[in-house]
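Quick note, the sequence shown lines up with residues 1 to 192 if you use this note's numbering.
Glycine is no exception: its CB is placed at the ideal position from the N, C-alpha and C atoms.
Keep in mind it's a predicted model, so treat the numbers as computed, not measured.
Comments concern the structure below.
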Amino acid sequence: MSDLSDLHDHENKPKKKNPFKGRPIPKTRIEWAIRSTLSIRAAAIHLGVAYNTFKKYAIMYDLFEQNKNQAGVGVTTKGNTGWGVKIQDLFDGKHPNYPHWKLQERIVRDGYLKQCCSNCDYDDYREVDMRGPYIITFLDGDPTNHSLDNLALLCYNCFFIMKPTGKMLTTPKNTNLIRKKLEEVWKENDSE
1 MSDLSDLHDH ENKPKKKNPF KGRPIPKTRI EWAIRSTLSI RAAAIHLGVA YNTFKKYAIM
61 YDLFEQNKNQ AGVGVTTKGN TGWGVKIQDL FDGKHPNYPH WKLQERIVRD GYLKQCCSNC
121 DYDDYREVDM RGPYIITFLD GDPTNHSLDN LALLCYNCFF IMKPTGKMLT TPKNTNLIRK
181 KLEEVWKEND SE
């Protein structure tokens, strides 16, 4: 039996128009797309056809009802939302010039960092939009290093006290003290 990906060469083309151009979609292609994805909608995108077209042929081949995923089981809501940059790519350093305010919003929204000060544990927020007065800092002083263990949030007071005047983009050297204290606290919490 041949590999299903060798059956058609349209996978290498941009998926902007229906690659079947009015011809019926073969049952093997529908089955292949369903096996390769987690939902019917994703299978339609993977095959490069409109959802309604895919649905029509999936119903015709009796593959639609048994493969519906209305609960979205296995479909991720974190990381890659399908738009923009994947969060894991940010942590891996593939986008060092990613705006810091966007990075801060994403790591708080997706739950990677708790919205509280890493220095004084201040955790108040505005009830209207659930945002707090925090600024992202980089523990090693390198603003292009976006690895998760290098990121911390400081409240405005701690940020003002710890940052030297005129150097708003770099992290001060005394941040290493905070890092050591945080590691001590984390070790204490892990042992409990």
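- Runs of the alpha helix (DSSP H) lying entirely within the region 55–126 and spanning at least 4 residues, in chain order: 87–91 and 100–109.
- Using a Cβ-Cβ distance cut-off of 8 Å, the region 123–131 and the region 142–149 are not in contact, since fewer than three pairs of beta carbons, one from each stretch, lie closer than that value.
- With distances taken between CA atoms, Asp-140 lies nearest to Lys-180 out of Asn-97, Gly-22, Lys-180 and Arg-23.
- Between Tyr-156 and Ile-135, the beta carbon gap of about 7 Å places them in contact (Cβ cut-off 8 Å).
- By the C-beta density criterion, Ala-43 is buried, having at least 16 other C-beta atoms within 10 angstroms.
- Rounded to the nearest angstrom, the gap between the Cα atoms of Pro-99 and Ile-161 is 23 Å.
- Per DSSP, the continuous beta strand (DSSP E) segment holding Leu-154 begins and ends at 151–155.
- Scanning its chain for C-beta atoms nearer than 6 Å, with the 5 sequence neighbours on each side dropped, one finds around Ala-58 the residues Ile-30 and Phe-64, in chain order.
- Ile-135 is bridged by DSSP to Leu-154.
- Around Gln-104, the same chain offers Tyr-134, Ile-135, Ile-136 and Leu-153 as residues with beta carbons nearer than 8 Å, after the five sequence neighbours per side are excluded.
- The Cβ atoms of Tyr-61 and Lys-27 sit closer than 9 Å to each other.
- Here Leu-38 carries a coil assignment [DSSP, helix/strand/coil].
- In the three-state reduction of the DSSP assignment, His-46 falls in the helix class.
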